[in-house]
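So the protein sequences, as listed, match chains Y and X. Each residue of the first sequence is one higher than the last, beginning at 4 in the working numbering. Each residue of the second sequence is one higher than the last, beginning at 687 in the working numbering. From the three backbone atoms N, C-alpha and C, an ideal C-beta is built for every residue, glycine too. Down below is the structure, laid out as structure tokens.
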Amino acid sequence: MRHGKYPFVIGFLFAPVALYVTFVIWPYAQAFQISMTNWRGLSAPQWVGFDNYRRLLDDGAFWKAVQHHGVLLLALPLITIAIALFFAFLLNVGGKSSGGQRQGVWGAKFYRVVFFFPQVLAVAIIAVLFQMVYRPNESGLINGVLMKFGIEPILFLVKPNLALWSIIAVLVWQAVGFYVVLFSAGMASIPGEIYEAAEMDGATKVTLFFRVTLPLLWDTLQVAWVYLGIAAFDAFAIVAVLSVDGGGPDGATTVLAMEIYRNAFVYSKYGYASAMGVALFFLTLTFAALTLRLTKRESVEY
Amino acid sequence: MNPQSTLPPTPAALPPKSGDPSAPAGSGHKGPRSEVKLFAGLGHVALAVWAVIVIVPILWTFLAAFKNTSEIFSSPWTLPAELRWENFGRAWTKAHVGRYFLNSVIVVSCSTFLTMLLGSMAAYVLARYKFWGNRAVYFLFVSGLAFPVFLALVPLFFVVKNLGLLDTHTGVVLVYSAYSLPFTVFFLAAFFKTLPSSVAEAGMIDGCGHTRLFFQVMMPMAKPGLISVTIFNIIGQWAQYQLPLVLLSNAKDKWVLTQGIADISVNAGYEADWSGLFAALTIAILPMIIVYAVFQRQIQAGLTSGAVK
Numbered sequence: 004m005r006h007g008k009y010p011f012v013i014g015f016l017f018a019p020v021a022l023y024v025t026f027v028i029w030p031y032a033q034a035f036q037i038s039m040t041n042w043r044g045l046s047a048p049q050w051v052g053f054d055n056y057r058r059l060l061d062d063g064a065f066w067k068a069v070q071h072h073g074v075l076l077l078a079l080p081l082i083t084i085a086i087a088l089f090f091a092f093l094l095n096v097g098g099k100s101s102g103g104q105r106q107g108v109w110g111a112k113f114y115r116v117v118f119f120f121p122q123v124l125a126v127a128i129i130a131v132l133f134q135m136v137y138r139p140n141e142s143g144l145i146n147g148v149l150m151k152f153g154i155e156p157i158l159f160l161v162k163p164n165l166a167l168w169s170i171i172a173v174l175v176w177q178a179v180g181f182y183v184v185l186f187s188a189g190m191a192s193i194p195g196e197i198y199e200a201a202e203m204d205g206a207t208k209v210t211l212f213f214r215v216t217l218p219l220l221w222d223t224l225q226v227a228w229v230y231l232g233i234a235a236f237d238a239f240a241i242v243a244v245l246s247v248d249g250g251g252p253d254g255a256t257t258v259l260a261m262e263i264y265r266n267a268f269v270y271s272k273y274g275y276a277s278a279m280g281v282a283l284f285f286l287t288l289t290f291a292a293l294t295l296r297l298t299k300r301e302s303v304e305y
Numbered sequence: 687m688n689p690q691s692t693l694p695p696t697p698a699a700l701p702p703k704s705g706d707p708s709a710p711a712g713s714g715h716k717g718p719r720s721e722v723k724l725f726a727g728l729g730h731v732a733l734a735v736w737a738v739i740v741i742v743p744i745l746w747t748f749l750a751a752f753k754n755t756s757e758i759f760s761s762p763w764t765l766p767a768e769l770r771w772e773n774f775g776r777a778w779t780k781a782h783v784g785r786y787f788l789n790s791v792i793v794v795s796c797s798t799f800l801t802m803l804l805g806s807m808a809a810y811v812l813a814r815y816k817f818w819g820n821r822a823v824y825f826l827f828v829s830g831l832a833f834p835v836f837l838a839l840v841p842l843f844f845v846v847k848n849l850g851l852l853d854t855h856t857g858v859v860l861v862y863s864a865y866s867l868p869f870t871v872f873f874l875a876a877f878f879k880t881l882p883s884s885v886a887e888a889g890m891i892d893g894c895g896h897t898r899l900f901f902q903v904m905m906p907m908a909k910p911g912l913i914s915v916t917i918f919n920i921i922g923q924w925a926q927y928q929l930p931l932v933l934l935s936n937a938k939d940k941w942v943l944t945q946g947i948a949d950i951s952v953n954a955g956y957e958a959d960w961s962g963l964f965a966a967l968t969i970a971i972l973p974m975i976i977v978y979a980v981f982q983r984q985i986q987a988g989l990t991s992g993a994v995k
């Protein structure tokens, strides 16, 4: 394998590395630099040091967005993982066991296929779909029913304290199936003898879940938490399409990606938008470090 | 959840451990057993309810696509009075869904092909060749997994603009591919590492060059991994919304499906063409259902492949 190795290695690496450096690494490096300028796109950028970051501290929209990421970061993983774990357990271990063979409930395969489907759809498409579902008059899927029964329509996306939760509900709707499949894979790798032994000792399904499944699934749960955390820091497509005027009403659902987009491509405040991007970068990094620290726990060997 | 499952599998297989042998149903164990039964019942109900929650909005959209606007308002829950196929015609041509759909197909097939070609080349070299700087290049790629795209949104826009690629499909294809490389390289490098080196050595002895070895021996051997990552990339790039929004903003005829549908939903309010919007949504969703129905197993494996390492 020695002959002519280097020309080959360089030939194979050149194009991928060039593409990657041009469109990923180079922009990332520039983002830090632009965030220190007052660049508006027309004249040459002027160095302003940490001015943009100081302005961030007084920016109400920025703090609202950060707060919403906090809510998303707690609610999205908690709700999604709880529902997905419950379903995955039912689908994999919920059925009767015969001869130590674990079985899911009846129709498990069908449920898995249906639950997973929203994952295949683009978030932007789902957002348009739920615009229809949430419509505030009789043409909405939910309010159409409510109004038939003479109940006042619910203004899902218009009420400030309801709007963010309506959006979280859609994100959960999309995500649950993915995690059901993910957790199912994890549960399938737990040896049946462990369940068998626990059942011999008289463990109920609930005990099985909390004492056997959950501890043995810890690593998968950690992965799920990180994934959902990353999703919580994005949420651009859903907020941009589903919410009232991009993060509204009155900033009640805005997220950082939305504010970055608005500042950069509506107001042409490129320096300021980049500062937000850098802030988001450090938030993401903090989250990743915290997650790794908090969930660090001896994984159970089996 | 079946109540039987709280009992041991077969009486013979189990030495009676506690004071609860596998007695006939219901003997002195009524309380917990009916509780379990209740729990099992609730479990089934919960599963069915979630299935309904997933299916109904989509089905409801399909039905509404055949209605006219007054029907959508007066009877949102009934079947359409007649099958108005013209809604689809209007969405396809007048609202340009056909154009957007085609654009998405063009962009995603090009960018996935480019991603897979470049990604597997880089991954292969990084996984199977020792050379100076190998680790550095590998970490350069993998570090991209940790950064959000929008951190670099502003400079990215200007990089593309300065290259003269703004509002072109070429620009979008290159950017999609670049941002797909970290995961592709990360996953495929791990995959190429697992391939046996005996086959590669045999190929070299037979006078096979490095390049031929890669395309004719290693690529076919890596097929399962390549399929998973390809599916992952197709679905991820098909769903992209923010990048095309920024990179194609001034060229409406080049828009991809996600951005087109989102735009139609904004305009549907002004034009009061709700049935056209429902038809457009149906056109966007239906192909995904068909593709998913056919490749369901591969898609589930492909999308979760990133998490199950």
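Measure the C-alpha to C-alpha separation of residue i and residue j and round it to an integer number of angstroms.
i	j	result
residue 752 (chain X)	residue 124 (chain Y)	21 Å
residue 840 (chain X)	residue 60 (chain Y)	21 Å
residue 47 (chain Y)	residue 40 (chain Y)	10 Å
residue 845 (chain X)	residue 25 (chain Y)	8 Å
residue 689 (chain X)	residue 191 (chain Y)	Here residue 689 (chain X) scores only 36 on pLDDT, less than 50, and its place in the model should not be relied on; the value that follows carries that caveat. Roughly 22 Å separates the two Cα atoms.
residue 181 (chain Y)	residue 8 (chain Y)	42 Å
residue 289 (chain Y)	residue 724 (chain X)	44 Å
residue 242 (chain Y)	residue 201 (chain Y)	46 Å
residue 292 (chain Y)	residue 278 (chain Y)	21 Å
residue 118 (chain Y)	residue 940 (chain X)	33 Å
residue 790 (chain X)	residue 796 (chain X)	10 Å
residue 819 (chain X)	residue 18 (chain Y)	16 Å
residue 783 (chain X)	residue 109 (chain Y)	40 Å
residue 266 (chain Y)	residue 926 (chain X)	21 Å
residue 920 (chain X)	residue 737 (chain X)	26 Å
Can you name the residues of chain X whose CB is closer than 7 Å to the CB of residue i?
i	result
residue 30 (chain Y)	838, 841, 842 and 845
residue 225 (chain Y)	Residues of chain X passing the Cβ test: none, with the nearest at roughly 10 Å.
residue 67 (chain Y)	Neighbours of residue 67 (chain Y) on chain X: none; closest Cβ ~17 Å, over 7 Å.
Which of the three DSSP states is assigned to residue i in this structure?
i	result
residue 50 (chain Y)	strand
residue 40 (chain Y)	strand
residue 207 (chain Y)	coil
residue 854 (chain X)	coil
residue 216 (chain Y)	helix
residue 194 (chain Y)	coil
residue 264 (chain Y)	helix
residue 168 (chain Y)	helix
residue 963 (chain X)	helix
residue 103 (chain Y)	Any reading at residue 103 (chain Y) must be qualified, since the residue scores a pLDDT of 48, below 50, and its modelled position is unreliable; the value itself is stated next. DSSP places residue 103 (chain Y) in coil when its eight states are reduced to three.
residue 957 (chain X)	helix
residue 818 (chain X)	coil
residue 736 (chain X)	helix
residue 758 (chain X)	helix
residue 939 (chain X)	helix
residue 156 (chain Y)	coil
In chain X, which residues lie less than 9 Å from residue i when you measure between Cβ atoms?
i	result
residue 22 (chain Y)	800, 804, 860, 863, 864 and 867
residue 273 (chain Y)	840, 841, 843 and 844
residue 91 (chain Y)	Simply none; closest approach about 11 Å.
Take residue i as the anchor and find which of the options has the nearest alpha-carbon.
i	options	result
residue 273 (chain Y)	X:915, X:837, X:749 and X:953	X:837
residue 14 (chain Y)	X:724, X:857 and X:900	X:900
residue 221 (chain Y)	Y:62, Y:23, Y:75 and Y:88	Y:88
residue 12 (chain Y)	X:773, X:891, X:811 and X:986	X:811
Can you name, in chain order, every residue of its own chain whose Cβ lies under 8 Å from the Cβ of residue i, other than the five neighbours on each side?
i	result
residue 995 (chain X)	Caution applies to residue 995 (chain X), whose pLDDT of 43 falls short of 50 and renders its modelled position unreliable; the value that the coordinates give is listed next. Excluding positions up to five away in sequence, the list reads 876.
residue 765 (chain X)	749
I'd like the list of long-range same chain contacts for residue i, defined as Cβ closer than 7 Å, with 5 residues on each side in sequence excluded.
i	result
residue 134 (chain Y)	245
residue 936 (chain X)	853
residue 889 (chain X)	899 and 903
Please list the partners that residue i has in chain Y, where partner means a Cβ-to-Cβ separation under 8 Å.
i	result
residue 1055 (chain X)	This structure does not reach residue 1055 (chain X), given that chain X is present from 687 up to 995, and the question cannot be answered.
residue 904 (chain X)	Near residue 904 (chain X) there are no residues of chain Y at all, since even the closest Cβ is about 12 Å away, more than 8 Å.
List the residues of chain X that residue i touches, going by C-beta distances under 8 Å, in chain order.
i	result
residue 121 (chain Y)	740
residue 213 (chain Y)	Within 8 Å Cβ-Cβ: nothing; residue 213 (chain Y) doesn't reach chain X, min ~14 Å.
Going along chain Y in order, which residues have a C-beta closer than 7 Å to the C-beta of residue i?
i	result
residue 982 (chain X)	116
residue 918 (chain X)	By Cβ distance, chain Y contributes nothing, its closest Cβ being about 11 Å from residue 918 (chain X), past 7 Å.
residue 746 (chain X)	144
residue 925 (chain X)	125 and 126
residue 730 (chain X)	108
Can you find a C-beta in chain C that's less than 8 Å from the C-beta of residue i?
i	result
residue 817 (chain X)	Looking at the structure shown, chain C is missing, and the protein chains on hand are Y and X.
Mind listing the chain Y neighbours of residue i? Cutoff is C-beta to C-beta under 9 Å, in chain order.
i	result
residue 968 (chain X)	Under the 9 Å cutoff, chain Y gives no residues; its nearest Cβ is about 10 Å from residue 968 (chain X).
residue 786 (chain X)	None at all; the shortest Cβ gap to chain Y is about 11 Å.
residue 813 (chain X)	In chain order: nothing, as chain Y lies at least about 11 Å away.
Going along the chain, which residues of its own chain have a beta-carbon closer than 6 Å to the beta-carbon of residue i, five neighbours each way excluded?
i	result
residue 31 (chain Y)	none
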